[in-house]
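Beneath this line is the structure, given in structure tokens, with notes to follow.
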Amino acid sequence: MRGVNVVAFKWGVTRPEIVFGSRLDSVFRSPGANDNLSGTAAVVELARRAVHTPLAQRSFFALFDGEEDGLRGSRTFVQENPALVQGLKTMFNFDMVGVNAAPLRVTGERQLVDTPRQAAQIAGSSPDQGSDQVPFAQAGIPTLFFHRGLDANYHQPTDALANPELIRATVGATLKTAGAALKPTSTGR
Ligand SMILES: [Zn+2]
């Protein structure tokens with residue numbers, strides 16, 4: 166089985182401090198609007214909003230393939246880019262953020278989660294779902310995982326709608342968090 170990761174960055178950026186990631190695959194016979202066009206759209210919108218700001222000089226924007234088949238795209242990225250990954254301060258991952266099954270939740274690095282929660286009145290923690298942040302966390306990188314829970318259409322042929330307002334709100338919370346993630350004291354790295 167072959168897959169394709171799509172990684173975007175500004176010319177000359179070789180040592181990113183943040184990877185904003187999501188996966189672009191979905192399960193067979195599901196159109197995947199929320200799972201996970203929504204996360205993909207969040208990363209594309211983040212890139213669009215960041216492009217003329219200093220954040221783009223410190224970031225990679227990555228769309229991973231093969232998440233549903235065992236995080237294959239993100240695992241491969243981490244394995245093939247060890248020096249880049251070790252230079253990261255944070256990996257942000259977006260998965261199913263276009264349907265309000267639950268309020269937006271963020272889990273992950275203890276010193277970072279308070280910032281998006283306060284900035285965007287995000288709900289408290291939830292059990293972490295296995296997604297593309299896991300290979301980064303296993304490599305020792307602080308991660309933040311943005312997720313709105315499993316909706317009724319999860320993995321169904323009816324996963325056909327995602328709400329752009331919810332995706333935009335996710336992006337807004339992320340941009341408020343990115344500054345804190347880049348502060349050297351916030352992660353101790
Ligand atoms: Zn899925």
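Be aware that the sequence shown starts at 166, since it is given in this note's numbering, and climbs by one per residue.
We treat Cβ as the ideally placed atom computed from N, Cα and C, and that holds for glycine.
With a 10 Å radius around the Cβ and a threshold of 16 neighbouring Cβ atoms, threonine 323 comes out exposed. For glutamate 233, the CB falls within less than 6 Å of some heavy atom of ligand 1. For the 7 Å CB-CB criterion, aspartate 297 and glutamate 245 do not form a contact.
Taking 7 Å as the cut-off, the Cβ atoms of valine 336 and alanine 221 do not count as close. Rounded to the nearest whole angstrom, the CA to CA distance from proline 329 to histidine 312 is 15 Å.
A buried status is given to proline 300, since no fewer than 16 other beta-carbon atoms sit within 10 Å of its beta-carbon. Between arginine 188 and the set His217, Ala248 and Val209, the nearest pair of CA atoms involves Val209. Secondary structure of isoleucine 332 (DSSP, three-state): helix.
Within the model, the alpha-carbon separation for threonine 280 versus alanine 317 is close to 29 Å. At least one heavy atom of ligand 1 falls within 6 Å of the beta-carbon of aspartate 200. With 16 or more neighbouring CB atoms inside 10 Å of its own CB, arginine 240 falls in the buried class.
Only exposed fits methionine 166, as fewer than 16 other CB atoms lie within 10 angstroms of its CB.
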